[in-house]
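S.K.: Have a look at this one.
Numbering (our numbering), first residue to last: 606 to 1535.
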């Protein structure tokens, strides 16, 4: 805060607090006046209404007495008409009072009056009936006594109600006076508090300003201008002008530190470069006037070793060509005679021979403790680091250098060694060329001495020497061209390096685009799932209600239409689920959980789920399980059961007569190995599903495992289906580490064999595939892969719970922005005896809860405009009175992890769309009974 703002704050606080106080007083007085007027008039209206009810009641009572004792027939009819009018007026005034009462006791007294008046009205109706029948006063005496007793109770209750309203009115006036007195006290306290706050603010302004200035002065005094590598910082405590000064100083200090560090780094790099260039020039000067390779080797190793900080070294030169090629040691540094390394080696012999073969340098840091090579006058010492480097000329290794040091070689020393060796190859080649020239000159001199006596031969030798001289000049020209070629190759290498860098950037960009494409695809699948499931939810619920023969008012043909609609909706849901499964498998993000399952229960589960299908189609269903099959098996039970369900559903669908059999036995690992790798599994199980159906031709047996493929078009038209079942089977089997194969002949039936491993430790490849960062946007449809045994359990629960009738007189709040879903749920739940309240978004839901509706359970949609389901549930749970209110989350965009997200936001349970009515009722039954 700036100085000007602090001054304005100090002087403005007084006016601000006085204005607030005055506004608060005026606002409170006006509210108090209006509140008192409203309360008094409201109470007076209720007392007035109670007096009018009593007058009407008394008048009706007098008319009854008159009609029973003294009236003639015409007067009696007139009295009865007056009684009926009074009765209607009393009921209307009671209804008006009931809607305006806000006190519990007042409601209780009015309820008691209504009950007593209803009892009185019954007695009054009997009395009127007997009067109309012409009974005498003597015959009506007992009924008149009963009527007088009930009349006394009604009047007593009405008087008590009137007295209570008058008492409340008096209490309200008394409370208003007390509120006014409390307001006067609060105003006095607020004035004192305002003075204190203003005083504290002024003191704070002065102290904070002086404190900030002192801290800046102290930091500036502590700066060491001789050492700018570390400059103290001024703590920034405010955002005013002083804070800006502190920030600017800190930025300047940071810039100075960075500049100082860059200056040090630059100086260090220049020093290193100078060190390298000086020593390279020293060695290059040493090359001059050397005409013998051995002399070159000795001088080179003697000069290089101290520069590298090496304690010992050896220099090897290539001798011979082809199979006779070897590297011979010509010189050493600090050697110990014959013991200082090998005398010679060939390509590939030892580490030095391998480096020569690969034409690469090698640095050895981890040297064994017993490796002792460096000798001193006191004994032997093992080196800490060894470097082996080739000397290359025209892409051929012409020499090898090996150095050992008691300390590790630095990066600077390695760079220096590489630059030295770059020119050493040319030098060695030049020296060997000079040696060859010297040898030739010596041979020429010997021949000249031999041919001195023969002049003709001397002439011939002279011409030959001239030719050799020209040849040497040609070689010198070739050397110059070779140097130019080397420079050209260096430029080409740099260009290729740049091209590789560009290619790397392009690959990284393509990888990012692929990742983004995968994300968009996942999001598209999730949104498509939501858009398809939302209307499908209404279709399934309403068609299920219409097809119920016990509850539907439709005729049999219309009910059959509803069943067809429901069946088609279920087929569409299955297709959506299958497509989402394939999508998850394709991107490698289908979750697979390996856990223990009991194979001994498998035959019973299969019989339970498919016996009714076999009985309906008049087909034999046989299950055989070998005794050597282990009872305990480790795999993903949900995917395992879905594979078997798909295989058996196909078998029954394409079999018109005969049988369907399942054979479960322990698989032969050698037999399995011809289809899939068997490593990592404790044992294998083979499950064969055999049918006597239409069979599959040989050329179609590979095609059927592809998505959306069947045997042919006629098969699809006759038997239906999407062609996804077998594709899902094989993909799920691969994820579980197994495989599915088929053996079939057209017209003779088919045998599908499912090989699956027991994986106690899980399947590593699957774990890696599903360890993805963004989650695949697809629904976890529990219906398609639910355990087989859930169906009977659900039927038993429904039978028990139908007896309990847990839905009667229960109120459910349906929160959904889709009117189709609201309509479907409203009709379905109303049929169960529930009262329905609806809200189209989170705001309406909170408003209904605040109104105090007695709500027993909430059905909350997640994807809503304005305020979604997550935020709505969080806000509901923030109110302590709704902590135990059951909230069931409903959504058609069921992302992986959404269940946990819903429960964390405050949901009691979670159901994905499209809803199954039995499933929804089962969840409601659990939470309403608990």
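Using N, Cα and C, we set each Cβ at its ideal position, and we do this for glycine too.
Computed from a predicted model, the values in this text were never measured in an experiment.
CB-CB under 7 Å to residue 1325, same chain, minus the five flanking residues each way: which ones, in chain order?
M.R.: Working through the chain shown from its first residue, we reach residue 1325 at position 720. Legend: pLDDT at residue 1325 = 44, less than 50; position of this residue unreliable, no value from coordinates given.
S.K.: For residue 1031, does the three-state DSSP call read helix, strand or coil?
M.R.: The sequence position of residue 1031 within the chain shown is 426, counting from 1. Reduced to three states, the DSSP call for residue 1031 is helix.
S.K.: In the DSSP assignment, find the unbroken beta strand (DSSP E) run with residue 917 in it and report its ends.
M.R.: Residue numbering aside, residue 917 sits at position 312 when the chain shown is read from its first letter. Per DSSP, residue 917 belongs to the beta strand (DSSP E) from 917 to 924.
S.K.: Below 6 Å CB to CB, which residues in the same chain sit around residue 1242 once its five sequence neighbours on both sides are set aside?
M.R.: Locating residue 1242 in the chain shown gives position 637, where the first residue counts as 1. Excluding residues within five positions, the ones whose Cβ falls inside 6 Å are 1202.
S.K.: Hey, how far is the Cα of residue 1321 from the Cα of residue 1228?
M.R.: Along the chain shown, read from residue 1 onward, the residue named residue 1321 stands at position 716. Along the chain shown, read from residue 1 onward, the residue named residue 1228 stands at position 623. Reliability of the predicted coordinates at residue 1321 is poor, the pLDDT of 43 falling under 50, and no value is obtained from them.
S.K.: Do residue 1009 and residue 1560 have their beta-carbon atoms positioned less than 7 Å apart in this structure?
M.R.: What the structure shows of the chain is the stretch from 606 to 1535, and residue 1560 is not part of that stretch, so it cannot be assessed.
S.K.: Are the CB atoms of residue 1199 and residue 1469 within a distance shorter than 7 Å?
M.R.: In the chain shown, counting from the first residue as 1, residue 1469 sits at position 864. In the chain shown, counting from the first residue as 1, residue 1199 sits at position 594. Their beta carbons are not under 7 Å apart, which means residue 1469 does not touch residue 1199 by this criterion.
S.K.: Taking Cβ positions, are residue 1271 and residue 1214 nearer each other than 7 Å?
M.R.: For the purposes of this step, residue 1271 is taken as the residue at position 666 of the chain shown. For the purposes of this step, residue 1214 is taken as the residue at position 609 of the chain shown. Their beta carbons are not under 7 Å apart, which means residue 1271 does not touch residue 1214 by this criterion.
S.K.: Alpha carbon to alpha carbon, what distance is there between residue 1489 and residue 1531?
M.R.: In the chain shown, counting from the first residue as 1, residue 1531 sits at position 926. In the chain shown, counting from the first residue as 1, residue 1489 sits at position 884. Roughly 14 Å separates the two Cα atoms.
S.K.: Tell me the rounded alpha-carbon separation between residue 617 and residue 1121.
M.R.: Residue mapping note: residue 617 aligns to position 12 of the chain shown, counting from 1. Residue mapping note: residue 1121 aligns to position 516 of the chain shown, counting from 1. Going from the Cα of residue 617 to the Cα of residue 1121 covers about 56 Å.
S.K.: Please tell me whether residue 1473 and residue 1445 are closer than 7 Å, where the distance is taken between their beta carbons.
M.R.: The residue given as residue 1473 occupies position 868 in the chain shown. The residue given as residue 1445 occupies position 840 in the chain shown. Contact: no.
S.K.: Going by DSSP, what residues sit across from residue 1464 in a beta bridge?
M.R.: As a position in the chain shown, residue 1464 is number 859, starting the count at 1. Paired residue(s): 1419 and 1493.
S.K.: Closer than 7 Å by C-beta to residue 1031: which residues in its own chain qualify, once you throw out the five before and the five after it? Chain order, please.
M.R.: Sequence index remark: in the chain shown, residue 1031 carries index 426 (1-based). Counting only Cβ-Cβ distances below 7 Å, and skipping sequence neighbours, we find 998.
S.K.: Which partner residues of residue 1268 appear in the DSSP bridge assignment?
M.R.: Counted from its first residue, the chain shown places residue 1268 at position 663. Partner(s): 1229 and 1293.
S.K.: Of the residues 954, 629, 1269 and 1159, which one's Cα is nearest the Cα of residue 785?
M.R.: In the chain shown, counting from the first residue as 1, residue 785 sits at position 180. The shortest C-alpha separation from residue 785 is found at 629.
S.K.: Determine, using beta-carbon pairs with one atom in the region 701 to 719 and one in the region 649 to 666, whether at least three such pairs fall under 8 Å.
M.R.: With the cut-off at 8 Å, the region 701 to 719 and the region 649 to 666 touch.
S.K.: Compute the distance between the beta-carbons of residue 968 and residue 992, then report whether it is under 7 Å.
M.R.: Counted from its first residue, the chain shown places residue 968 at position 363. Counted from its first residue, the chain shown places residue 992 at position 387. Yes, Cβ-Cβ distance for residue 968 and residue 992 is below 7 Å.
S.K.: State the CB to CB distance for the pair residue 748 and residue 762, rounded to an integer number of angstroms; the pair is presumed to be in contact (CB under 8 Å).
M.R.: Counting from 1 along the chain shown, the entry for residue 748 is found at position 143. Counting from 1 along the chain shown, the entry for residue 762 is found at position 157. Incorrect: roughly 21 Å between the Cβ atoms, too far for contact.
S.K.: Residue 898 and residue 933: beta carbons closer than 7 Å?
M.R.: For the purposes of this step, residue 898 is taken as residue 293 along the chain shown, with counting starting at 1. For the purposes of this step, residue 933 is taken as residue 328 along the chain shown, with counting starting at 1. Against a cut-off of 7 Å, the Cβ pair of residue 933 and residue 898 comes out as no contact.
S.K.: Using 8 Å as the Cβ pair cut-off and three pairs as the minimum, do the region 656 to 664 and the region 834 to 853 touch?
M.R.: The region 656 to 664, when compared against the region 834 to 853, does not touch it at the 8 Å Cβ threshold.
S.K.: Is the CB-CB distance between residue 1487 and residue 1493 below 7 Å?
M.R.: As a working mapping, residue 1487 is identified with position 882 in the chain shown. As a working mapping, residue 1493 is identified with position 888 in the chain shown. For residue 1487 and residue 1493, no; Cβs fall outside 7 Å.
S.K.: Could you check the C-alpha separation between residue 754 and residue 724 for me, to the nearest Å?
M.R.: Residue 754 sits at position 149 when you count from the first residue of the chain shown. Residue 724 sits at position 119 when you count from the first residue of the chain shown. If I take the Cα positions, the gap works out to 11 Å.
S.K.: Return the Cβ separation of residue 1350 and residue 1300 in integer angstroms, given the expectation that the two are a contact with Cβ distance under 8 Å.
M.R.: Here residue 1350 is taken as the residue at index 745 of the chain shown, counted from 1. Here residue 1300 is taken as the residue at index 695 of the chain shown, counted from 1. Right, their Cβ atoms sit about 5 Å apart.
S.K.: Across which residues does DSSP place residue 1202 in a beta bridge pair?
M.R.: If you number the chain shown from 1, residue 1202 lands on position 597. Answer is 1238.
S.K.: Return the residue from the list 1004, 1111, 1429 and 1451 that minimises the CA-CA distance to residue 1441.
M.R.: Here residue 1441 refers to the residue found at position 836 of the chain shown. It is 1429 whose Cα lies nearest to the Cα of residue 1441.
S.K.: Is the separation between the beta-carbon of residue 681 and that of residue 672 shorter than 7 Å?
M.R.: Mapped onto the chain shown, residue 681 falls at position 76. Mapped onto the chain shown, residue 672 falls at position 67. Yes, Cβ-Cβ distance for residue 681 and residue 672 is below 7 Å.
S.K.: How do the region 1281 to 1294 and the region 1237 to 1256 stand: do at least 3 beta-carbon pairs fall below 8 Å, yes or no?
M.R.: Contact between the region 1281 to 1294 and the region 1237 to 1256 is present, because at least three Cβ pairs lie under 8 Å.
S.K.: Which residues share a DSSP beta bridge with residue 1443?
M.R.: As a position in the chain shown, residue 1443 is number 838, starting the count at 1. For residue 1443, which the question treats as bridged, DSSP gives the partners 1419.
S.K.: For the candidate residues 614, 767 and 686, whose alpha-carbon lies nearest to that of residue 807?
M.R.: Looking up residue 807 in the chain shown gives position 202. Closest option to residue 807, Cα to Cα, is 614.
S.K.: Within the continuous alpha helix (DSSP H) that includes residue 891, where are the two ends?
M.R.: The residue labelled residue 891 in the question sits at position 286 within the chain shown. From DSSP, the alpha helix (DSSP H) with residue 891 extends over 846 to 891.
S.K.: How is residue 1144 classed by DSSP in three states: helix, strand or coil?
M.R.: Here residue 1144 refers to the residue found at position 539 of the chain shown. Residue 1144 falls in the helix class under three-state DSSP.
S.K.: Mind reading off the beta-carbon distance from residue 1338 to residue 1248? Whole number of angstroms is fine, and I expect it under 8 Å.
M.R.: The residue given as residue 1338 occupies position 733 in the chain shown. The residue given as residue 1248 occupies position 643 in the chain shown. Yes, residue 1338 and residue 1248 are in contact; Cβ-Cβ is about 6 Å, under 8 Å.
S.K.: Helix, strand or coil, according to DSSP, for residue 1160 in the structure here?
M.R.: One-based indexing of the chain shown puts residue 1160 at position 555. Residue state, collapsed to three classes: coil.
S.K.: Are the beta-carbon atoms of residue 908 and residue 888 separated by less than 7 Å?
M.R.: Counted from its first residue, the chain shown places residue 908 at position 303. Counted from its first residue, the chain shown places residue 888 at position 283. Going by C-beta atoms, residue 908 is nearer than 7 Å to residue 888.
S.K.: Thinking C-alpha only, which one of 1509, 849 and 1467 is nearest residue 1483?
M.R.: As a first step, residue 1483 must be located in the chain shown, where it is residue number 878. Measuring from the Cα of residue 1483, the nearest candidate turns out to be 1509.
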